[in-house]
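Each residue of the sequence shown is one higher than the one before, counting from 6 in the working numbering. From the three backbone atoms N, C-alpha and C, an ideal C-beta is built for every residue, glycine too. Shown next, in structure tokens, is the structure this report addresses.
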Amino acid sequence: MVTQSDNDVRGTFYIVATPIGNLDDFTDRAKRVLHEVDYIAAEDTRHSKRLMNHFGIDTKLFALHDHNERDKAAYIASLLSEGKNVALISDAGTPLISDPGYHVVNYLRQEGHKVTPVPGPSALITALCASGLPTDRFSFVGFLPAKSKSRRDEMSSWVPSLGTVVFYESTHRILDCLADLEAVWGERVQVALARELTKTFETFLSGSVSEIKQILEDDSNQTRGEFVMMVSLPAEEEDHSEALKILKILLKELPVKQAAALAAEITGEKKNALYKQALAMNEE
């Protein structure tokens, strides 16, 4: 393992959190660091330029996003080797949390460069702390798959040991996501939905999946914006993975009702529950 010595003249790579909506959440330290570094690596330079202009920060920007970060890692390392300081920012919040930066940080660490976090806003923590759901154990799963079948497969894999499951969702998929969650988990889970955090129309909705879904269907304004969805899994939930695996195999050869009855006989699971699950699988 390569480490940086105390007398190393190389620069520092700062991971700087920026506001997720309310500009007053921009910390003094973050602004100072962005003023003082030689370069800022930004997910979208046009978006970040507006933020920099607002705070009078004229540091040179260059783009670092999903499609170029592997290539930029060596470039950033060369800047640090020359004694330059570089900061990384994302479009909003803390970089690397469902945002670019992992490959760069990993590479710089391996090369022995100094990486320093400058903490601040994060949609994940902001939503969770005000959700009213359990926070002693939680699992962040980023963005769920875009396709319904893959999304349902992901949801079916959740187990109580994950605690509260937290993920981000987009405005054009939020209703489909809730429909998939209802198909997989029904009313067995409690949901908190945070929208437009720290912004003018910040909203928290809490309840069962069907209740949240109904609110969004009744008011299209509630489907707009950026979402953090939090799902509290039932502590007493049993592991149904083996029964579902058997049910999926039987459905390839048998009608829904017969497959559910046979799967129930084999596994000892409740026939009605398996029948509902079989109907959901057939819709995929």
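*Is it right to say Gly81 is buried, meaning 16 or more other beta carbons lie within 10 angstroms of its own, or is it exposed?*
Here residue 81 is Ile; the residue named in the question, Gly, does not match the sequence. Buried is the call here.
*Is Ile251 helix, strand or coil by DSSP?*
Here Ile251 carries a helix assignment [DSSP, helix/strand/coil].
*Can Arg142 and Leu149 be called in contact, C-beta distance under 8 Å?*
Taking 8 Å as the Cβ cut-off, Arg142 and Leu149 do not qualify as a contacting pair.
_Three-state secondary structure assigned by DSSP to Val236_ = strand
*Can you say whether Val14 is buried or exposed, counting buried as having 16 or more other CB atoms within 10 angstroms of its CB?*
Classified as exposed, Val14 has fewer than 16 neighbouring CB atoms from the shown chains inside 10 Å of its CB.
_What does the alpha-carbon distance come out to for the pair Leu198 and Ala268?_
Answer to the nearest angstrom: the Cα atoms are 35 Å apart.
*the segment 20-31 / the segment 88-99 touching (three or more Cβ pairs under 8 Å)*: yes
*Kindly indicate the opening and closing residues of the beta strand (DSSP E) around Ser95.*
Counting along the chain, Ser95 falls outside any beta strand (DSSP E), and DSSP gives it neither H nor E.
*Name the DSSP beta bridge partners of Phe209, please?*
As a beta-bridge residue in DSSP terms, Phe209 pairs with Ala199.
_DSSP has Val110 in a bridge; who is on the other side?_
According to DSSP, which records beta bridges pairwise, Val110 is partnered with nothing at all.
*For Tyr173, write down the residues that DSSP places opposite it in a beta bridge.*
Note: Tyr173 sits in a beta bridge opposite Phe148 and Val233.
*Who pairs with Tyr19 in a beta bridge, going by DSSP?*
Ala92 and Thr121
*Measuring CB to CB, does Glu192 end up less than 8 Å from Ser215?*
yes
*Using only alpha-carbon positions, find the residue among Ala92, Lys152 and Glu258 that is nearest to Leu113.*
Ala92
*Throw me the rounded Cβ distance for the Val120 and Ile20 pair, which I believe falls under 8 Å.*
7 Å
*asked:* Suppose you measure from the CA of Thr272 to the CA of Ala266; what does that come to, to the nearest Å?
replied: 10 Å
*asked:* Is the beta carbon of Val189 closer than 8 Å to that of Ser237?
replied: In this structure, Ser237 lies away from Val189, with their beta-carbon atoms at least 8 Å apart.
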